[in-house]
Each structure stands twice: as C-alpha cells, then as structure tokens.
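In what follows, a single structure is set out as structure tokens and then discussed.
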Amino acid sequence: MSSTLTRPAPSGAARESVAPRRRTRLLALPEVRWAAAALALFLIALPLYLAGAPGWTWGTLFAAVYATGGWEPGWAGLRSLREKTLDVDLLMVVAALGAAAIGQVLDGALLIVIFATSGALEAIATARTADSVRGLLDLAPATATRVADDGTEETVPGERLAVGEIILVRPGERIGADGRVLDGAGEVDQATITGEPLPVAKAAGDEVFAGTLNGTGALRVKVERDPSDSVIARIVAMVEEASGTKAPTQLFIEKAEQRYSLGMVAATVALFVLPLLVGADLRSTLLRAMTFMIVASPCAVVLATMPPLLSAIANAGRHGVLVKSAVVMERLGQVDAVALDKTGTLTEGTPRVTDVRPLAGSGLPEDEVLRLAAAAEHPSEHPLARAIVDAARGRGLDIPLVRDFGSAPGTGVSATVEGRTVAVGSPARLPDGRTGGPAEEVAAALEVAAALEEEGRTAVLVTVDGRPAGVLGIADRLRDEAAATVAALGELAGTTPVLVTGDNPHAAARLAGEVGVDDVRAGLLPQDKVAAVREMERAGRKVLVVGDGVNDAPALAAAHTGIAMGRAGSDLALETADAVVVRDELATVPAVVRLSRRARRLVVQNLVIASVFITGLVIWDLAGTLPLPLGVAGHEGSTVIVGLNGLRLLADGAWRRARAGTDR
2 MSSTLTRPAP
12 SGAARESVAP
22 RRRTRLLALP
32 EVRWAAAALA
42 LFLIALPLYL
52 AGAPGWTWGT
62 LFAAVYATGG
72 WEPGWAGLRS
82 LREKTLDVDL
92 LMVVAALGAA
102 AIGQVLDGAL
112 LIVIFATSGA
122 LEAIATARTA
132 DSVRGLLDLA
142 PATATRVADD
152 GTEETVPGER
162 LAVGEIILVR
172 PGERIGADGR
182 VLDGAGEVDQ
192 ATITGEPLPV
202 AKAAGDEVFA
212 GTLNGTGALR
222 VKVERDPSDS
232 VIARIVAMVE
242 EASGTKAPTQ
252 LFIEKAEQRY
262 SLGMVAATVA
272 LFVLPLLVGA
282 DLRSTLLRAM
292 TFMIVASPCA
302 VVLATMPPLL
312 SAIANAGRHG
322 VLVKSAVVME
332 RLGQVDAVAL
342 DKTGTLTEGT
352 PRVTDVRPLA
362 GSGLPEDEVL
372 RLAAAAEHPS
382 EHPLARAIVD
392 AARGRGLDIP
402 LVRDFGSAPG
412 TGVSATVEGR
422 TVAVGSPARL
432 PDGRTGGPAE
442 EVAAALEVAA
452 ALEEEGRTAV
462 LVTVDGRPAG
472 VLGIADRLRD
482 EAAATVAALG
492 ELAGTTPVLV
502 TGDNPHAAAR
512 LAGEVGVDDV
522 RAGLLPQDKV
532 AAVREMERAG
542 RKVLVVGDGV
552 NDAPALAAAH
562 TGIAMGRAGS
572 DLALETADAV
582 VVRDELATVP
592 AVVRLSRRAR
602 RLVVQNLVIA
612 SVFITGLVIW
622 DLAGTLPLPL
632 GVAGHEGSTV
642 IVGLNGLRLL
652 ADGAWRRARA
662 GTDR
C-alpha cells in the first residue's frame, strides 16, 4: 500500500531524462504547404469570379490552384500508372482539367482543393503518430548507473544493459530497465505503465519497469529483461502493430477507387472510339464523350461524403472534441462496444480525502485529526500529502508550522506539531512495534483501515505521541458525469461498457458499482488491455476505447476507435487516439458518437442523391442527346444539393441535440 512521504524535486539528471516533445512542424510537411497554398489562392479567386472581374484575374489564380493543389496527386497518379495502377487521385485531376477545358474552372478548382486538403490531413496524422512513438522511447533514460561485482559504479547507455546486471537508481531518477529490486526501499511512480494514480512502494523482491520514476530512497535493481524487450518497448511495438491493422480498410477503399477509375476511363474511351469506328461525326462524338466525362465525374460523390463529416468535425471541435479525420468521424458512429479506463477517465486522476475517521480512544474530533495530519504533511510534495493539505484548507482549518520534519520510504512522515509528535503513514507500521499504544487502540485502527481499503480507499494512519488518533481514507474522485456517460454509452452500443484498469480490484469494483459497470477487469498491464480489446473484436464487436495514459495507448491504437481525455492525457495517448476530449468533459464522448451517427446518415442521403443524379444524367447522355450546358447544370446542381445538405451539421443545434441524447 502506498504511504505518505516527502518527494523531492527531480534531480538534474532526472529532468534531463524526461522525454522532450519532438513534434513535426505542420509547414514542414509538403502536403500541408501545397494544400494551404491551393486553399488561399482559391479563396482569393472565388470573390473575383463571382463578382464578374476580368477573366485574366481569376483565371490566373485558378490556374495556380490547379498547379499547387493538383501537381502532387497528379504526379503520384502518373507514378501509379507506371506500376499499372490507376487511382482516383489521377482521375480527379483529369476530371478537374476536363471541367476547366469546357469552362467549368470553379468546379475543377474546388475538386482540387478538397483532395489536397484530404492529403494534408492524412500526412499530419501520420507525422503525429511517428512523433509520439519516438517520444515514448525517450521515457527510458539514455543512461543508467551499472554496479560492478566489486561495487564500483559506471554510467553506461541504457541499451547496453544486459540481463543479470545490477543498476543503481537514485532518488528522482528514472529506472533504466525492467527488473527486480535487490535491496533498498522507495516509492515509484509507474503511472506510465499501469495507470495507477499514486506511487507504489517498492522493496526487495518487487518488480520495477523501465521509464518509471523513482521517488525517495535508492534502489539496487537486477535487470531481468533486455532493453529491447522492456514493457515500454513492447508498448511502442504494440502501438505500431495495432496502427498497421487499420490498413485493410484503406486497401478496400483503394480497390474500390481503382475499379471506379478503370470503369470510368474505359467507358469514356469506348464512348469516343466506338462511334468513330462506325463513321460518327468527330465533333459530336467528342462532345458526347466530354459530356459523359463531366456528368460521370464523382464530384458530387466526393462532396456527398466530406461536408457532413467535416461539418461534424468542426462542430465537435467548437465544443471541445478534436476528431482527427473524416475517417475517424465516420468510424465513431459504428462502435457497438465500449471499454473505459478508470484513472483520469472515469475519475479526475487526482487523489482526494474522502473519509476522516477519528478513533474513540484519542479524544480528538475529525477536524483536529485532519489539521494535525495536514500540518505534518505540509512540507511534503507527495500526492497524498497534497490531498490531505487540500482537504484541511477546504474545511478552513489553520495549518500550524512544524519542527523536526522527517520521512521514510514506505513508512510515512513525522513532525513535531505544537509540541506533539505527529506521524502520518501506512497502517502497516502498527504491527511492527514502532508505534505503541494499547492493544485495543491498535486493533481499532487496523479495523478502520481494513474497512476503508475494502471500500477501495487508500488508508492513511495518523498517530499523536505514538498513539493511533485516526485514519484517513483517500481515493481518486469520480467525475460528476461518469455515471450518466456510462449509461449513455451503454445505450448507444447496446451493451454495458467494460472497465479496464491497471488499478487494484477493490478500487475498480467500488467505482464500477458507482457508475453501473458490471464487467470489471482490474490489475491490467498495457498488453492485457490490448488482449481485452481484441477479445471483444473477435466476438465481432467494433470497440471504442476511452483512456488517458501511456498505458492506454496500445489499447487506443488496437481499438476500432480510440478517444483520449485531453487535460492530463499523456502525449502518446493523445497522439495515438483517433479523437481527443480537449476540455476533459466526459459527457462529450456519447455526444460525439451521436453526432457521428447523424453525419453517417447524411452521407448515405447524399450518396443516394448523387447516385440518382449521376445515373440519370449518364443514361440521358447514352440513350439520347444530353446538351452539354444541361449536363453541367445537372452535375453542378447535384453538387450544390449534397454540399448544402452536408453543411447542416455546422449548426450549434446539431450539437445540442447530440448532447441532449438524440442523434436524429
């Protein structure tokens, strides 16, 4: 059990071991630069075109839009042709040029801007994922202090450590390898691995993980895993592997694009060549083929998909949910199972005093027990100490100055408060004889502590002049909206969410009972969370994972869709997740799922509208004589209709309805 003690500020070495943020600058990506240039030029040209300015003004600008936004997908398409592959990017460039050739310059430019922006978003997502994985590797310190058989110490690169070697971990340093403590005692913050909100007491025989932070107390650790096989390294591997499992969906889309592209090109060529072979007029045949090229162009299909999804993304962003791509927004509406992390997700991630239990034999009231404990803990920087001090201040209690402050790893703190010796720490110190007091008082203290721990609290003993005075219960605070969110997600998914946490079973079970979760999986390491997600996926579920820590990142990546809590979320979780709750409002999770479902329905509506228009115009062109202006008008009309229909989700009312519990 964690106890209360002083946590010094990290040493210089420890500060240097903290992973730096290595983000790729947006403008360093060529896709972003070209897309931004194309969009800017389009926005300048559009008012000139609509105002009837001279053609050379807007014509030059639109030409620049084609060049800046279209050269990269066009060049990529030509390279694909060299590999005997025809993709829709090249088809879009050809369609845009075809539109420009018959005077529809605006239509072609809009198509170019849409595709350039889509490519930029994909490049940003790829770069951010790579940045976050590199940052995770930096959690493990670059060097470690290796202890030779003769006791001499040597600083060596972390990757050179071998199984069986001994390393020394000083206070404030990160542990250099997975291993087991040989001797020493301390408290280790291992939230990056297990997600536990409080540091864990470590002594001889306990397992420790690379990248976790040692508090007070030096540890001698025997290396038990090669650095390349550490838990932190496996997390990186799992993130990369799980991210790669999303590729089959992309491959399916590419195959569909390939077939459509080939079909459209083949139909256009046939429509032009075959009539010529039987003596048709060149001009009328060319006009029919060009009309077919325009009316069969998938501009309306593209706009059928993107405006609803992009509008939903923009609306969600205004209300504190960052959805990273249109693909993610679409996938959110498909989820039918939910896995929730505990600490920092359903809870606030900050320990708070929940109980103050004075012991009858002490004669002290609640406030006095809390006041004395807060005074003794005031010099400490430990999370439990801050919780106790905050609780006393919250009750308006005066916290006196102390003398003779001291702390011991795994035991607690002690100080002289107003002439009395006050100690605060683990109830486990009672049976070992260091704390006196009548046997009945000791038994009463242990009974209260056991009851609190059974309820999922961390029990902290307060003694005054060597006699038990009271027991404090400390727990992570449940978010106000947690129960309502769990119920809403259960209704949306059709099944109650699963709780997956690295915390202890008692704390997990208590919280699950409060929020209405039946399936609780506690004490999980990152790979266990991934296994739980994959188990649900093997049962045919599309799983939404909501978490916040490094230990949640592999599950976020492995899931159908992952959402990270933004306020205290780790860099890796934020970058690996498909969406981020920026304002840390848990209730926005079901709201964005409902918004996604509304967007997907609008996509279906738009696809039906676009298909009807395209099919009708193509049949007209093939079976009769479709005038080119009418074909263009029909094509543009379908584009405008689906575009306006998709923009309906920009309205604040769409979010209010989603937040209120209806996605209709």
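If you're matching positions, the sequence shown starts at 2 in this note's numbering and goes up one per residue.
Think of the CB as a built atom: it goes at the ideal place given N, C-alpha and C, for glycine as much as any other residue.
### Query
CA-CA distance, ASP227 and ARG353?
For the purposes of this step, residue 227 is taken as the residue at position 226 of the sequence shown. For the purposes of this step, residue 353 is taken as the residue at position 352 of the sequence shown. Answer to the nearest angstrom: the Cα atoms are 38 Å apart.
### Task
State yes or no: is the C-beta of VAL604 within less than 8 Å of the C-beta of PRO309?
Walking along the sequence shown from the start, residue 604 turns up at place 603. Walking along the sequence shown from the start, residue 309 turns up at place 308. Contact: yes.
#### Entry: Check whether TRP1 and ALA117 have beta carbons under 8 Å apart
Beyond the ends of the chain as shown, which are 2 and 665, falls residue 1; an answer cannot be given.
### Query
The alpha helix (DSSP H) spanning ALA376 covers which residue range?
For this step, residue 376 is matched to residue 375 along the sequence shown. Segment 367 to 378, the alpha helix (DSSP H) holding ALA376.
### Query
Under 8 Å, do GLY471 and LEU651 count as touching if we go by C-beta distance?
Reading the sequence shown from its first residue, position 470 is the one you call residue 471. Reading the sequence shown from its first residue, position 650 is the one you call residue 651. The criterion of a C-beta distance shorter than 8 Å is not satisfied by GLY471 and LEU651.
### Those residues which DSSP pairs with ASN215 across a bridge
In the sequence shown, the residue the question calls residue 215 occupies position 214. Bridge partners of ASN215: VAL189.
### Query
Ordered along the chain, which non-local residues of its own chain (more than five positions away) have a Cβ less than 6 Å from that of ARG584?
Here the question's residue 584 lines up with position 583 in the sequence shown. If we look at ARG584 and ignore the five residues flanking it on each side, its Cβ neighbours are GLY321.
### Query
In chain order, what residues of the same chain have a beta carbon less than 7 Å from the beta carbon of GLY635, not counting five sequence neighbours either side?
Counting from 1 along the sequence shown, the entry for residue 635 is found at position 634. Result list for GLY635: VAL296, PHE614 and LEU618, in chain order.
### Query
So, is SER231 buried or exposed, given that buried needs 16 or more other C-beta atoms within 10 angstroms?
Residue 231 sits at position 230 when you count from the first residue of the sequence shown. By the neighbour-count definition (other C-beta atoms within 10 Å, threshold 16), SER231 is a buried residue.
### Query
Do you know whose CA, among ALA452, GLU155 and GLU419, lies nearest ALA376's CA?
Position 375 of the sequence shown, counted from the start, is the residue given in the question as residue 376. If we check each option's Cα against that of ALA376, GLU419 comes out closest.
### Option nearest GLU225 by Cα separation, candidates ALA267, GLY177 and MET265
Here residue 225 corresponds to residue number 224 of the sequence shown, with the count starting at 1. Closest by alpha carbon: GLY177.
### Task
Out of THR464, VAL189 and LEU82, state which residue places its alpha-carbon closest to the alpha-carbon of PRO384.
Position 383 of the sequence shown holds residue 384. It is VAL189.
### Query
Which term fits ARG396, buried or exposed, when burial requires 16 or more other beta carbons within 10 angstroms of its beta carbon?
To locate residue 396, count along the sequence shown from 1; it is residue 395. By the neighbour-count criterion, in which a residue is buried when 16 or more other Cβ atoms sit within 10 angstroms of its Cβ, ARG396 is exposed.
### Message
One question on the structure: do LEU91 and GLY78 come within less than 8 Å of each other, judged by their Cβ atoms?
### Response
Start at 1 with the first residue of the sequence shown, and residue 91 comes out as number 90. Start at 1 with the first residue of the sequence shown, and residue 78 comes out as number 77. Yes, the Cβ-Cβ distance between LEU91 and GLY78 is below 8 Å.
### Message
So, for LEU82: in the same chain, excluding its five sequence neighbours on each side, which residues have a beta-carbon less than 8 Å away from its beta-carbon?
### Response
The count along the sequence shown starts at 1 and reaches residue 82 at position 81. Counting only Cβ-Cβ distances below 8 Å, and skipping sequence neighbours, we find LEU91.
### Task
Provide the residue(s) that pair with GLY413 in DSSP beta bridges, ordered along the chain.
Along the sequence shown, read from residue 1 onward, the residue named residue 413 stands at position 412. Checking the DSSP bridge columns, you'll see GLY413 partnered with ALA409 and GLY426.
### Task
Pull up the DSSP beta-bridge partners for PRO158, would you.
Your numbering for residue 158 matches position 157 in the sequence shown. Per DSSP, THR144.
### Message
Would LEU220 and GLY185 qualify as a contact pair, given that the criterion is a beta-carbon distance under 8 Å?
### Response
Here residue 220 is taken as the residue at index 219 of the sequence shown, counted from 1. Here residue 185 is taken as the residue at index 184 of the sequence shown, counted from 1. Between LEU220 and GLY185, the C-beta gap is smaller than 8 Å, which places the two residues in contact.
### Task
Report the residue from ALA508, GLU455, ALA533 and THR497 whose alpha carbon sits nearest the alpha carbon of ASP519.
The residue given as residue 519 occupies position 518 in the sequence shown. Among ALA508, GLU455, ALA533 and THR497, the Cα nearest to that of ASP519 is on THR497.
### Query
What distance in whole Å lies between the Cβ atoms of THR217 and VAL547, which are believed to be in contact at a cut-off of 8 Å?
On the sequence shown, residue 547 is found 546 positions in, with the first residue counted as 1. On the sequence shown, residue 217 is found 216 positions in, with the first residue counted as 1. Actually they do not touch by this definition, with Cβ atoms about 34 Å apart.
### Residue from GLU576, PHE210, ASP337 and LEU28 whose Cα sits closest to the Cα of GLY550
Numbered from its first residue, the sequence shown carries residue 550 at position 549. The residue with the shortest Cα to Cα distance from GLY550 is GLU576.
### Residue range of the alpha helix (DSSP H) that includes GLY56
One-based indexing of the sequence shown puts residue 56 at position 55. The continuous alpha helix (DSSP H) containing GLY56 extends over residues 56 to 83.
### Task
On the DSSP bridge assignment, give the partners of GLY359 in chain order.
Mapped onto the sequence shown, residue 359 falls at position 358. According to the sequence as given, residue 359 is Pro; it is not Gly. Note: PRO359 sits in a beta bridge opposite GLY471.
### Query
Can you tell me the Cα-Cα spacing of GLY644 and VAL516, whole angstroms?
Translated into the one-based positions of the sequence shown, residue 644 becomes position 643. Translated into the one-based positions of the sequence shown, residue 516 becomes position 515. Going from the Cα of GLY644 to the Cα of VAL516 covers about 41 Å.
### Task
Report yes if the C-beta distance between ARG332 and HIS561 is below 8 Å; otherwise report no.
Looking up residue 332 in the sequence shown gives position 331. Looking up residue 561 in the sequence shown gives position 560. For ARG332 and HIS561, yes; Cβs fall inside 8 Å.
#### Entry: Residue nearest to ALA655 in terms of C-alpha spacing, selected from MET307, ASN316 and ASP150
Position 654 of the sequence shown holds residue 655. Looking at the Cα atoms, ASN316 is the closest of the given residues.
### Task
Enumerate in chain order the residues of its own chain whose CB-to-CB distance from ALA494 is below 8 Å, with the five nearest sequence positions on each side excluded.
Start at 1 with the first residue of the sequence shown, and residue 494 comes out as number 493. Correct list, in chain order: VAL336, ASP337, ALA338, VAL339 and LEU545.
### Query
Between GLY524, GLY632, LEU627 and LEU323, which lies nearest to SER597 when the distance is taken from Cα to Cα?
Locating residue 597 in the sequence shown gives position 596, counting from the first residue. Scanning GLY524, GLY632, LEU627 and LEU323 for the CA closest to the CA of SER597 turns up LEU323.
### Query
Roughly how many whole angstroms lie between the Cα atoms of ARG660 and GLY567?
Residue mapping note: residue 660 aligns to position 659 of the sequence shown, counting from 1. Residue mapping note: residue 567 aligns to position 566 of the sequence shown, counting from 1. Just so you know, the alpha carbons of ARG660 and GLY567 end up roughly 19 Å apart.
### Query
Going straight from the alpha carbon of ALA424 to that of THR464, what length do you get?
Translated into positions along the sequence shown, residue 424 becomes position 423. Translated into positions along the sequence shown, residue 464 becomes position 463. Each residue's alpha carbon lies about 5 Å from the other.
### Task
Sort out for me which residues DSSP pairs ARG522 with in a bridge.
Along the sequence shown, read from residue 1 onward, the residue named residue 522 stands at position 521. According to DSSP, which records beta bridges pairwise, ARG522 is partnered with VAL501.
### Task
Could you pull out every unbroken alpha helix (DSSP H) segment of at least 4 residues lying fully inside the region 544 to 611, listed in chain order?
Within the region 544 to 611, the complete alpha helix (DSSP H) segments of 4 residues or longer fall at 554 to 559 and 572 to 577, listed in chain order.
### Message
So, does the region 362 to 376 touch the region 389 to 404, judging by three or more C-beta pairs under 8 Å?
### Response
Counting Cβ pairs under 8 Å, three or more are found: they touch.
### Task
Determine the closest residue to GLU482 out of TRP621, LEU49 and VAL590, with distance taken between C-alpha atoms.
What you label residue 482 is simply residue 481 of the sequence shown in a count that begins at 1. Nearest C-alpha to GLU482: VAL590.
### Message
Distance check for ARG511 and GLU456, CA to CA, integer angstroms please.
### Response
One-based indexing of the sequence shown puts residue 456 at position 455. One-based indexing of the sequence shown puts residue 511 at position 510. Straight-line Cα distance between these residues: approximately 6 Å.
### Query
GLU32 by DSSP, collapsed to three states: which one?
Here residue 32 corresponds to residue number 31 of the sequence shown, with the count starting at 1. It is helical.
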